[in-house]
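So in the UniProt record's numbering, the last spot in the sequence shown is 128, and the numbers never skip.
In this text, a Cβ means the ideal position worked out from N, Cα and C, and glycines have one as well.
Just so you know, these numbers come straight off a predicted model, no measurement behind them.
Notes follow the structure.
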Amino acid sequence: MSADLLDAGKKLRAEVIGQASHDAALENATAFDMPFQDLALRYCWGEIWGRPGLSRKLRSVVNLSMLAALGKPNELKIHVRGALTNGVTKEEIQEIFLQTCIYCGVPAAGEAFKVAKEVFAEPEFAGR
1 MSADLLDAGK
11 KLRAEVIGQA
21 SHDAALENAT
31 AFDMPFQDLA
41 LRYCWGEIWG
51 RPGLSRKLRS
61 VVNLSMLAAL
71 GKPNELKIHV
81 RGALTNGVTK
91 EEIQEIFLQT
101 CIYCGVPAAG
111 EAFKVAKEVF
121 AEPEFAGR
(Lines of atoms letter the chains of each structure in order from A and count residues from 1; the text may use other names and numbers.)
(Lines give C-alpha, C1' and ligand atoms only; values in the text may rest on other atoms or scores of the structure.)
Protein backbone atom coordinates (compact mmCIF):
# COMPACT_ATOMS: atom_id res chain seq x y z
CA MET A 1 0.00 0.00 0.00
CA SER A 2 2.82 2.42 0.76
CA ALA A 3 4.21 2.20 -2.80
CA ASP A 4 0.69 2.82 -4.12
CA LEU A 5 0.44 5.96 -1.97
CA LEU A 6 3.83 7.14 -3.21
CA ASP A 7 2.87 6.64 -6.86
CA ALA A 8 -0.52 8.29 -6.33
CA GLY A 9 1.13 11.18 -4.49
CA LYS A 10 3.66 11.75 -7.26
CA LYS A 11 0.95 11.78 -9.90
CA LEU A 12 -1.38 14.04 -7.96
CA ARG A 13 1.28 16.55 -6.91
CA ALA A 14 2.53 16.83 -10.49
CA GLU A 15 -1.02 17.49 -11.69
CA VAL A 16 -1.69 20.17 -9.06
CA ILE A 17 1.61 22.05 -8.83
CA GLY A 18 2.91 21.21 -12.31
CA GLN A 19 5.28 18.54 -13.51
CA ALA A 20 8.29 20.89 -13.57
CA SER A 21 7.81 21.98 -9.94
CA HIS A 22 7.23 18.41 -8.83
CA ASP A 23 10.34 17.20 -10.66
CA ALA A 24 12.43 20.06 -9.26
CA ALA A 25 11.41 19.19 -5.71
CA LEU A 26 12.64 15.63 -6.20
CA GLU A 27 15.77 16.57 -8.16
CA ASN A 28 16.80 19.12 -5.51
CA ALA A 29 16.22 16.75 -2.61
CA THR A 30 19.26 15.51 -0.76
CA ALA A 31 19.77 12.55 1.51
CA PHE A 32 18.86 14.91 4.35
CA ASP A 33 15.42 15.96 3.07
CA MET A 34 14.42 13.05 0.81
CA PRO A 35 12.62 11.34 3.74
CA PHE A 36 10.51 14.50 4.02
CA GLN A 37 9.71 14.39 0.29
CA ASP A 38 8.71 10.76 0.64
CA LEU A 39 6.49 11.50 3.63
CA ALA A 40 4.83 14.48 1.92
CA LEU A 41 4.21 12.51 -1.27
CA ARG A 42 2.73 9.51 0.51
CA TYR A 43 0.59 11.23 3.10
CA CYS A 44 -0.08 14.82 2.03
CA TRP A 45 -0.59 14.01 -1.62
CA GLY A 46 -1.30 10.28 -1.87
CA GLU A 47 -3.42 9.87 1.25
CA ILE A 48 -5.09 13.23 1.93
CA TRP A 49 -5.24 14.94 -1.49
CA GLY A 50 -6.22 11.56 -2.96
CA ARG A 51 -9.30 11.17 -0.75
CA PRO A 52 -12.69 11.45 -2.45
CA GLY A 53 -14.41 13.62 0.22
CA LEU A 54 -13.46 17.04 -1.19
CA SER A 55 -12.82 18.29 -4.69
CA ARG A 56 -9.35 19.49 -5.61
CA LYS A 57 -10.72 23.01 -5.85
CA LEU A 58 -12.11 22.89 -2.32
CA ARG A 59 -8.88 21.36 -0.99
CA SER A 60 -7.04 24.27 -2.58
CA VAL A 61 -9.37 26.78 -0.88
CA VAL A 62 -8.74 25.10 2.47
CA ASN A 63 -4.96 25.10 1.90
CA LEU A 64 -4.88 28.77 0.90
CA SER A 65 -6.76 29.68 4.05
CA MET A 66 -4.53 27.64 6.34
CA LEU A 67 -1.24 28.66 4.75
CA ALA A 68 -2.20 32.34 4.79
CA ALA A 69 -3.22 32.06 8.45
CA LEU A 70 0.02 30.31 9.34
CA GLY A 71 2.14 32.85 7.45
CA LYS A 72 3.87 30.29 5.21
CA PRO A 73 4.65 32.32 2.04
CA ASN A 74 6.78 29.68 0.28
CA GLU A 75 4.11 27.00 0.56
CA LEU A 76 1.41 29.57 -0.13
CA LYS A 77 3.04 30.47 -3.45
CA ILE A 78 3.04 26.80 -4.48
CA HIS A 79 -0.58 26.43 -3.48
CA VAL A 80 -1.76 29.66 -5.16
CA ARG A 81 -0.42 28.15 -8.39
CA GLY A 82 -2.11 24.87 -7.57
CA ALA A 83 -5.38 26.61 -6.72
CA LEU A 84 -5.42 28.34 -10.09
CA THR A 85 -4.72 24.99 -11.73
CA ASN A 86 -7.58 23.46 -9.73
CA GLY A 87 -10.07 26.09 -10.90
CA VAL A 88 -10.00 28.60 -8.05
CA THR A 89 -10.39 32.04 -9.63
CA LYS A 90 -8.42 35.16 -8.80
CA GLU A 91 -11.64 36.66 -7.45
CA GLU A 92 -12.13 33.68 -5.14
CA ILE A 93 -8.52 33.94 -3.96
CA GLN A 94 -9.13 37.61 -3.23
CA GLU A 95 -12.18 36.70 -1.13
CA ILE A 96 -10.27 33.98 0.72
CA PHE A 97 -7.57 36.47 1.67
CA LEU A 98 -10.07 39.17 2.65
CA GLN A 99 -11.69 36.67 5.01
CA THR A 100 -8.21 35.76 6.26
CA CYS A 101 -7.70 39.42 7.09
CA ILE A 102 -10.69 39.45 9.41
CA TYR A 103 -10.06 36.15 11.15
CA CYS A 104 -6.25 35.95 11.11
CA GLY A 105 -5.09 39.55 10.93
CA VAL A 106 -3.91 42.21 8.53
CA PRO A 107 -0.26 41.04 8.40
CA ALA A 108 -1.25 37.49 7.42
CA ALA A 109 -3.58 38.74 4.70
CA GLY A 110 -1.09 41.34 3.50
CA GLU A 111 1.54 38.66 3.01
CA ALA A 112 -0.97 36.41 1.25
CA PHE A 113 -1.99 39.17 -1.18
CA LYS A 114 1.69 39.89 -1.89
CA VAL A 115 2.40 36.25 -2.66
CA ALA A 116 -0.68 35.90 -4.86
CA LYS A 117 0.24 39.01 -6.87
CA GLU A 118 3.68 37.50 -7.53
CA VAL A 119 2.04 34.32 -8.85
CA PHE A 120 -0.51 36.27 -10.90
CA ALA A 121 2.40 38.08 -12.60
CA GLU A 122 4.01 34.82 -13.73
CA PRO A 123 3.54 34.34 -17.50
CA GLU A 124 1.54 31.10 -17.19
CA PHE A 125 -0.98 32.72 -14.82
CA ALA A 126 -1.04 36.34 -16.05
CA GLY A 127 -3.93 35.77 -18.45
CA ARG A 128 -6.23 33.95 -16.06
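For the alpha helix (DSSP H) assignment, the uninterrupted runs of no fewer than 4 residues enclosed by the UniProt domain "Carboxymuconolactone decarboxylase-like" (36-118) are, from N- to C-terminal side, 56-70, 73-85, 90-104. The C-alpha of L70 is placed about 22 Å away from the C-alpha of T89.
The alpha helix (DSSP H) runs of length 4 or more contained entirely in the segment 6-30 are, from start to end of the chain, 19-27. A126 has its alpha-carbon roughly 24 Å from the corresponding atom of Q99. Going by DSSP, F125 is part of the alpha helix (DSSP H) stretching over 123-126.
In this structure, V119 places its C-beta atom within 8 Å of the C-beta atom of K77. CA-to-CA, the gap between R13 and L84 works out to about 14 Å. For T30, same chain residues with a beta-carbon under 6 Å away, outside a window of 5 residues either side, do not exist. The Cβ atoms of L67 and R42 do not sit closer than 8 Å to each other. The three-state reading of DSSP puts F32 in coil, since its state is none of H, G, I, E or B. Restricting attention to G105, D4, K117, the CA atom closest to the CA of L39 is found in D4.
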